[in-house]
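Just below is one structure, and these are the notes that go with it.
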Amino acid sequence: MGQQSHHPEAGSPELPPLPTRLSRRRILAMLAAAACSGCGLAAAADSAPRAGPAEFLRAVSAGNRSAVASMLNLDASLVRAIDNQGRSAFVLAHLSGHRAIAQLLRDRGLELDIVEAVIAADWDRVEALASAQPELLNQAHPIGGNVLYASALTGGGEQYRLRSLGAQSDGRPAGGSGYTPARAAMNCRDPIGAWLAATDLLSNGADPNAAQAKGDSVLHGAVSARDLRLVRLVMRKGGALHARDSEGSTPLDRALALEWEAGVELLRDAASVARDYRGSRFAFNVSREPFVHQPLSVGMAAQNQITGVSHFNPARVRELLAQDPRLVHAISSDAELAIEACGHTGQREAIAIHLDHGAPLSLPTAISLGDLPHARWLLEQDRRLINERGPHDFPVMWYPAIGGGSVEAAALLLAFGADLEQESGGETALHAAAARGHLDLIRFLLEQGADSQALSYRQDRKGLTPRQLALSRRQDAAAALLGELA
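The sequence shown begins at 2 in our numbering and counts up by one.
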């Protein structure tokens with residue numbers, strides 16, 4: 002299908018050069034390396050010559066584990082080696098795709114800084130460092146940006162943890178590359194990691210058209226990666242087709258310069274990519290009266306709390322709204338309205354509590370609640386809502402499964418023109434039904450022509466078919482049905 006032909010390697014010339022302003026830790030590491038070099042000269046009696054930092058880092062980037070281990074045996078201080086941009090051996094190992102070497106460095110006693118801890122998904126360490134020095138979250142690290150930038154560039158997950166701590170989704174700190182985290186995702190060497198990281202960022206508050214170094218937009222980056230999935234994603238999130246870089250080139254111009262025919266074809270047929278639409282999010286309450294969202298003066302911690310418990314704890318939702326009814330307007334650090342949290346988890350009791358306090362009833366939440374008359378009414382008001390998505394990029398076609406497996410709800414959406422294969426990270430309505438064991442909905446979707454071999458990468462980066470996802474969730478009856486009918 003020509004999804005991608007390459008992704009930039011670590012140290013891609015696309016990334017602007019980083020300044021040489023170094024942290025205290027980096028300066029100490031450089032001094033240690035220099036001292037070690039001097040010690041090596043003094044210890045001429047040693048039978049085996051010690052490698053310098055440059056040779057060591059080359060071995061790390063090349064993935065030569067045995068050489069790295071041998072060098073560390075001779076000189077343990079190399080575990081703290083850095084390159085001329087201040088990037089550590091641990092960071093370079095991940096940027097080069099050599100996780101085993103990164104683990105070796107940890108095994109040899111490397112104490113992770115906050116970005117290294119993010120890359121390692123050592124969340125206890127991240128939280129401890131962020132608690133002690135919150136400013137670390139949004140400072141420029143030698144990797145090129147803030148902690149979200151590092152996560153995106155290395156194809157990491159669980160970015161919500163970083164946003165909840167205060168990391169800025171569109172942060173471009175001074176001293177960094179000049180790219181936002183979403184733009185960094187376009188340079189991730191792992192195509193699936195890039196796709197998932199970009200999906201997370203662009204669905205949880207990041208701006209696809211945020212300013213970038215040299216005008217090199219997120220869509221320009223997707224084209225440079227020659228990845229159709231990334232281009233489609235950025236386009237449906239509203240990436241500007243006519244953005245121009247510092248040389249005056251649009252994304253289409255870049256695709257032409259790269260002689261990337263598939264990308265040129267897609268960009269010239271941009272109208273074929275349905276743009277995400279959130280038109281019902283703040284439109285009407287359950288009585289179909291206009292809803293007016295009121296930004297809150299309360300802190301983000303309180304807004305995150307009500308949104309967090311709305312996912313699973315109706316009793317706590319009731320308590321918090323009784324204490325402060327304004328929290329019905331709360332929006333989390335993931336750009337998620339509190340009622341949307343219970344909407345995408347199918348928590349009907351919590352939805353009802355929010356509605357009793359005047360919350361808006363969007364199309365996805367109405368489908369989750371089973372209020373099909375309201376859903377139909379919304380669709381009749383605005384046909385564009387068929388491209389509605391809930392929080393976190395949840396397609397509206399997932400919501401019949403989220404809401405209990407309603408065939409009638411799925412039929413309603415399809416009747417208004419919903420895309421049967423509407424996906425996020427490759428996960429479709431059939432995946433959603435299979436994961437929850439909704440047999441009637443599975444039958445209906447297959448009868449409508451749903452692709453039983455579509456691969457979802459949200460749960461497993463190797464990709465899972467609906468049947469494989471059902472098996473992973475111990476939905477044996479659903480897996481058997483898919484095996485029989487697919």
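All C-beta atoms in this analysis are idealised placements derived from N, C-alpha and C, irrespective of residue type, glycine included. Just so you know, these numbers come straight off a predicted model, no measurement behind them.
Please name the residue, chosen from the options, that lies closest to residue i on a Cα-to-Cα basis.
| i | options | result |
| --- | --- | --- |
| residue 200 | 238, 86, 298 | 238 |
| residue 395 | 413, 319, 346 | 346 |
| residue 387 | 423, 428, 456 | 423 |
| residue 227 | 187, 212, 148 | 187 |
| residue 296 | 269, 337, 279 | 337 |
| residue 172 | 409, 157, 142 | 142 |
| residue 397 | 425, 112, 95, 383 | 425 |
| residue 169 | 189, 156, 175, 206 | 206 |
| residue 52 | 131, 62, 76 | 76 |
| residue 415 | 430, 403, 405 | 430 |
| residue 300 | 334, 225, 109 | 334 |
| residue 161 | 184, 178, 127, 271 | 127 |
| residue 180 | 78, 100, 246 | 246 |
| residue 110 | 78, 129, 131 | 78 |
| residue 275 | 419, 261, 140, 129 | 419 |
Are the CB atoms of residue i and residue j nearer to each other than 8 Å?
| i | j | result |
| --- | --- | --- |
| residue 471 | residue 479 | yes |
| residue 442 | residue 481 | no |
| residue 209 | residue 240 | yes |
| residue 202 | residue 182 | yes |
| residue 149 | residue 115 | no |
| residue 102 | residue 80 | no |
| residue 446 | residue 455 | no |
| residue 231 | residue 263 | no |
| residue 400 | residue 352 | no |
| residue 62 | residue 97 | yes |
| residue 146 | residue 177 | yes |
| residue 406 | residue 439 | yes |
| residue 184 | residue 213 | yes |
| residue 389 | residue 278 | yes |
| residue 375 | residue 326 | no |
| residue 242 | residue 268 | yes |
Identify, in the order they occur along the chain, each residue of the same chain with its Cβ nearer than 8 Å to the Cβ of residue i, setting aside the five sequence neighbours on each side.
| i | result |
| --- | --- |
| residue 355 | 311, 318, 322, 329, 339, 340, 343 |
| residue 372 | 287, 362 |
| residue 265 | 253, 256, 257 |
| residue 244 | 210, 216, 218, 220, 221, 251, 252 |
| residue 105 | 66, 69, 70, 73 |
| residue 20 | In this prediction, residue 20 has a pLDDT of 46, which is less than 50 and means its spatial position is unreliable; nothing more can be read from the coordinates. |
Quick one: using the 10 Å Cβ neighbour count with 16 as the cut-off for buried, is residue i buried or exposed?
| i | result |
| --- | --- |
| residue 292 | buried |
| residue 134 | exposed |
| residue 437 | buried |
| residue 476 | buried |
| residue 281 | buried |
| residue 385 | exposed |
| residue 91 | buried |
| residue 485 | exposed |
| residue 225 | buried |
| residue 152 | buried |
| residue 313 | exposed |
| residue 18 | Because the pLDDT of residue 18 is 47, which lies under 50, any placement of that residue in the model is unreliable, and the number read from its coordinates should be weighed accordingly. When all chains shown are included, residue 18 counts as exposed. |
| residue 50 | exposed |
| residue 164 | buried |
| residue 60 | buried |
Ordered along the chain, which non-local residues of its own chain (more than five positions away) have a Cβ less than 6 Å from that of residue i?
| i | result |
| --- | --- |
| residue 473 | none |
| residue 89 | 83 |
| residue 449 | 421 |
| residue 458 | 193, 426, 427, 464 |
| residue 155 | 95, 120 |
| residue 383 | 280 |
| residue 348 | none |
| residue 283 | 292, 294, 361 |
| residue 85 | none |
| residue 99 | 64 |
Output needed for residue i: all residues of its chain with C-beta closer than 7 Å, excluding positions within five of it in sequence on either side, in chain order.
| i | result |
| --- | --- |
| residue 204 | 393, 394 |
| residue 223 | 187, 231, 232, 235 |
| residue 483 | 435, 443, 453, 467, 468, 471 |
| residue 285 | 291, 292, 361, 362 |
| residue 332 | 304, 338 |
| residue 117 | 89, 91, 92 |
| residue 123 | 113 |
| residue 370 | 349, 352, 404 |
| residue 377 | 413 |
| residue 402 | 430, 433, 434, 437, 439, 442 |
Sort out for me which residues DSSP pairs residue i with in a bridge.
| i | result |
| --- | --- |
| residue 332 | 338 |
| residue 205 | Paired residues: none, contrary to the question. |
| residue 390 | 396 |
| residue 428 | 425 |
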